[in-house]
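First up is the structure itself, then whatever we jot down about it.
Below you can see the structure in the form of structure tokens.
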């Protein structure tokens, strides 16, 4: 896969699954695959074929979410952007907040359960139970992974990189 295609695919996936903009995902992809420790705004606009305002808006969103950081390099006048260490853990923890919000809404829906159909009651119970479970367990799973206690590799998984190989999820 070419770098540009990886960046575009990540942009699409981030947009679809997280609510961040496609440009935010593309910036994260470009930063991850960069051969320098930081990338300037002009570098991003050129590489991603977009405007300075689109980059500015997306980088501001990513900085506010704690996924990237803006810094400087000695001898350069321009700011550089870097992916923050732990950005993917942070992104997953942001998603965990969504589970809590779904649970809170389901809890409000319990007041309506008496008037709902059997299917409706089950759906509200499932919404509450699943989202409560995910809100509680996701941070625990991340801690377990960080501590090396995750199954299959102790949190130190690697990706096969030989051409033509397609690693299965449990081999990542």
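In this note's numbering, the protein residues as written are 179 to 350.
Ideal placement from N, C-alpha and C gives every residue a C-beta, glycine not left out.
If you're wondering where the values come from, they're calculated on a predicted model, not measured in any experiment.
Taking all protein chains in view, the Cβ of residue 216 is crowded by 16 or more other Cβ atoms within 10 Å, so the residue is classified as buried. Counting along the chain, the unbroken beta strand (DSSP E) around residue 249 starts and ends at 246-249. In the three-state reduction of the DSSP assignment, residue 316 falls in the helix class. Annotation for residue 260: the continuous beta strand (DSSP E) segment containing it runs 258-261. For residue 239, the enclosing alpha helix (DSSP H) stretches over residues 230-242. Bounds of the alpha helix (DSSP H) holding residue 206 are 200-210.
DSSP links residue 218 through a beta bridge to 258.
Contact between residue 219 and residue 262 fails: their C-beta atoms lie close to 17 Å from each other, not under 8 Å. Taking C-beta separations shorter than 6 Å and ignoring five residues to either side along the sequence, the partners of residue 236 in its chain run 199, 201, 202 and 205, following chain order.
Straight through space, the alpha carbons of residue 264 and residue 226 are spaced by roughly 24 Å.
If you draw a straight line from the Cα of residue 283 to the Cα of residue 269, it is about 22 Å long.
The three-state reading of DSSP puts residue 305 in helix, counting H, G and I together. Beyond the five residues adjoining it in sequence on each side, residue 193 comes within less than 7 Å, by CB distance, of 199, 200 and 203 in the same chain, given in chain order. In this structure residue 281 is buried. Its beta-carbon is surrounded by 16 or more other beta-carbon atoms within 10 angstroms. Residue 213 carries a coil assignment under DSSP once its states are collapsed to helix, strand and coil.
Short of 7 Å from the beta carbon of residue 258, and not among the five residues preceding or following it, lie these beta carbons of its own chain, in chain order: 216, 217, 218, 249, 250 and 251.
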